[in-house]
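Numbering (this note's numbering) for the sequence shown: 34 to 363.
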Amino acid sequence: MDNAEELIKAKIERLETATAVKEPDRVPIGIATTYFPAKYAGVSYENVWYDNNKYTEVGIKFARDFNWDAVSLHRSFESIPLGLALAGFDTELAVGVVVSSVLAGGASHDILGDVYSSNPGREVGENNESQWVIEKPVMNDDEYDRLIEQPFDFLMGTVIPRAYKNLADLNSPTAVGALLKMGQEVAKFPNFLMDFVGKWKAEAWLPWYYAVACNPLDTLGAFLRDFDKLSLDIYRMPDKVKKACEIITPVLATIGKVTGAISRDVTGSRRVFCPIWYNTYLSPEKFREFHFPYIKQIVNELIEAGFTPLMSFQGRSDHLLDQLKELPEG
Numbered sequence: 034m035d036n037a038e039e040l041i042k043a044k045i046e047r048l049e050t051a052t053a054v055k056e057p058d059r060v061p062i063g064i065a066t067t068y069f070p071a072k073y074a075g076v077s078y079e080n081v082w083y084d085n086n087k088y089t090e091v092g093i094k095f096a097r098d099f100n101w102d103a104v105s106l107h108r109s110f111e112s113i114p115l116g117l118a119l120a121g122f123d124t125e126l127a128v129g130v131v132v133s134s135v136l137a138g139g140a141s142h143d144i145l146g147d148v149y150s151s152n153p154g155r156e157v158g159e160n161n162e163s164q165w166v167i168e169k170p171v172m173n174d175d176e177y178d179r180l181i182e183q184p185f186d187f188l189m190g191t192v193i194p195r196a197y198k199n200l201a202d203l204n205s206p207t208a209v210g211a212l213l214k215m216g217q218e219v220a221k222f223p224n225f226l227m228d229f230v231g232k233w234k235a236e237a238w239l240p241w242y243y244a245v246a247c248n249p250l251d252t253l254g255a256f257l258r259d260f261d262k263l264s265l266d267i268y269r270m271p272d273k274v275k276k277a278c279e280i281i282t283p284v285l286a287t288i289g290k291v292t293g294a295i296s297r298d299v300t301g302s303r304r305v306f307c308p309i310w311y312n313t314y315l316s317p318e319k320f321r322e323f324h325f326p327y328i329k330q331i332v333n334e335l336i337e338a339g340f341t342p343l344m345s346f347q348g349r350s351d352h353l354l355d356q357l358k359e360l361p362e363g
């Protein structure tokens with residue numbers, strides 16, 4: 034596209050103006066999606082999940098035909114627990130592992146054998162959406178103290194063998210092989226990222242965000258306890274849940290800032306995606322006690338570091354609007 038640079042500049046200005054709560058030339062349209070581009074292009078979900086060439090090809094068609102102001106295509110989250118466990122050892126390596134499933138596809142699912150997800154063309158049909166279910170908690174309710182006292186040792190030594198079938202025995206040849214293969218996937222990611230972002234920019238497609246900062250309560254629910262169990266924990270052991278959130282928050286904020294810097298340098302976007310899942314299930318009182326303090330802490334750290342949090346409150350949040358007004362403007 035001959036005028037791609039000019040179009041990208043106009044889109045950035047439109048997005049930044051709207052973010053600053055000023056009036057843009059028109060309302061910007063940004064989209065984060067997973068499956069529709071594949072369906073639109075007539076490609077199976079399995080192909081887009083596992084074939085990075087198809088993923089890029091489908092993305093380019095989507096960009097060409099719709100010309101959104103900003104778009105992000107993401108895939109899954111199964112490598113996040115391993116990334117968190119590595120964060121105490123090597124932040125950059127941890128980030129590489131985290132984004133290896135979010136952006137780089139389903140290879141980590143096959144390599145690690147996670148207990149969370151059922152993916153297209155694997156556990157479900159090639160055109161079925163991925164499913165995420167914790168059938169059995171990977172952290173028991175009597176293990177909060179271990180998470181609080183030695184978070185990284187507990188994650189690596191106890192959670193990881195439970196979360197990934199191929200890492201069940203970390204001293205086994207299966208586990209060593211899986212970790213080596215995972216390292217190979219992580220090593221491929223920077224070149225893949227540069228390649229597909231470059232191709233999308235040539236079509237005047239501005240990547241909306243390729244950075245992520247989860248929050249601690251959702252992390253506990255989605256990866257360690259399951260939301261049903263966590264709903265009981267906040268009544269039965271509230272102090273331990275809050276202490277665990279306090280311990281995890283700085284790690285998640287750091288991952289947000291590191292991925293934010295990578296995304297900014299590669300795409301030009303300062304946005305960091307902040308998914309929030311548990312808000313629908315909490316009363317205003319419980320939201321303020323268990324969820325909001327840590328969300329605010331991460332948001333403020335991102336802003337201080339020069340990033341713009343892109344908040345995604347999933348489900349209903351109308352009962353929380355008075356509290357959400359406390360977040361920084363813009």
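We put the beta carbon where it would ideally sit given N, CA and C, even for glycine.
Item: For residue 183, which three-state DSSP category applies?; Value: coil
Item: Can you tell which of 262, 345, 359 and 200 has the C-alpha that lies nearest to the C-alpha of residue 65?; Value: 345
Item: Within 10 Å of its beta-carbon, does residue 227 have 16 or more other beta-carbons around it, so buried, or fewer, so exposed?; Value: exposed
Item: Check whether the Cβ atoms of residue 304 and residue 341 lie closer than 8 angstroms to each other.; Value: yes
Item: With DSSP run on the structure shown, which of helix, strand or coil describes residue 147?; Value: strand
Item: Skipping 5 residues on each side, what residues in its chain have a beta carbon closer than 7 angstroms to that of residue 264?; Value: 314
Item: Determine the burial state of residue 266: buried for a count of at least 16 other Cβ atoms within 10 Å of its Cβ, exposed for fewer.; Value: buried
Item: Does the separation of the CB atoms of residue 275 and residue 323 fall below 8 angstroms?; Value: yes
Item: What do you reckon, are the CB atoms on residue 154 and residue 79 nearer than 8 angstroms?; Value: yes
Item: Looking only at C-alpha atoms, which of 101, 70, 285 and 107 sits nearest to residue 14?; Value: Residue 14 is absent from the structure shown; the chain starts at 34 and stops at 363.
Item: Compare the C-beta of residue 317 against all C-beta atoms of chain E and say whether one is closer than 8 angstroms.; Value: Checking the listed chains, one finds no chain E in this structure; it contains a single protein chain.
Item: Enumerate in chain order the residues of its own chain whose CB-to-CB distance from residue 50 is below 6 angstroms, with the five nearest sequence positions on each side excluded.; Value: 57
Item: Which whole-angstrom value is the C-beta distance of residue 199 and residue 145, which I expect to be below 8 angstroms?; Value: 6 angstroms
Item: In whole angstroms, give me the CA-to-CA distance for residue 405 and residue 289.; Value: Absent from the structure is residue 405, since the part of the chain shown begins at 34 and ends at 363.
Item: Taking contact to mean 3 or more Cβ pairs, one atom from each stretch, closer than 8 angstroms, check whether the stretch 106–113 and the stretch 130–139 are in contact.; Value: yes
Item: Considering just the uninterrupted stretch of the beta strand (DSSP E) at residue 172, what are its terminal residues?; Value: Run containing residue 172: none; DSSP gives neither H nor E here.
Item: Alpha carbons only, please: which of 185, 83, 102 and 181 is nearest the one belonging to residue 141?; Value: 83
Item: On the DSSP bridge assignment, give the partners of residue 288 in chain order.; Value: Note: residue 288 sits in no beta bridge, so no partner.
Item: Enumerate, from N- to C-terminal direction, the unbroken alpha helix (DSSP H) stretches of 4 or more residues contained entirely within the stretch 103–163.; Value: 113–119, 124–135 and 140–145
Item: Where does residue 304 fall in DSSP's three states?; Value: strand
Item: Is DSSP giving residue 340 helix, strand or coil here?; Value: coil
Item: Under the assumption that residue 114 contacts residue 193 (Cβ atoms under 8 angstroms), give the Cβ distance between them as a whole number of angstroms.; Value: 7 angstroms
Item: Taking DSSP as the reference, what is the three-state secondary structure of residue 66?; Value: strand
Item: What is the DSSP secondary structure of residue 23, counted as helix, strand or coil?; Value: Nothing can be reported for residue 23, as the shown portion of the chain is limited to 34 through 363.
Item: Using DSSP bridges, identify the partner residues of residue 206.; Value: DSSP lists no partner for residue 206.
Item: Could you give the residue range of the alpha helix (DSSP H) that holds residue 167?; Value: Element bounds for residue 167: n/a, residue is neither H nor E.
Item: Leaving aside the five residues before and after residue 293 along the sequence, list all residues of the same chain whose C-beta is less than 6 angstroms from its C-beta, in chain order.; Value: 244, 305 and 340
Item: I need the straight-line Cα distance from residue 218 to residue 55, nearest angstrom please.; Value: 42 angstroms
Item: From residue 208 to residue 201, what does the alpha carbon distance come to, in whole angstroms?; Value: 7 angstroms
Item: Closest by CA to residue 362, which one among 329, 299, 302 and 183?; Value: 329
Item: In chain order, what are the residue ranges of uninterrupted alpha helix (DSSP H) at least 4 long that sit wholly in the stretch 200–260?; Value: 206–235 and 249–252
Item: Could you tell me the boundaries of the alpha helix (DSSP H) in which residue 83 lies?; Value: 78–83
Item: Ordered along the chain, which non-local residues of its own chain (more than five positions away) have a Cβ less than 7 angstroms from that of residue 151?; Value: 157, 163 and 164
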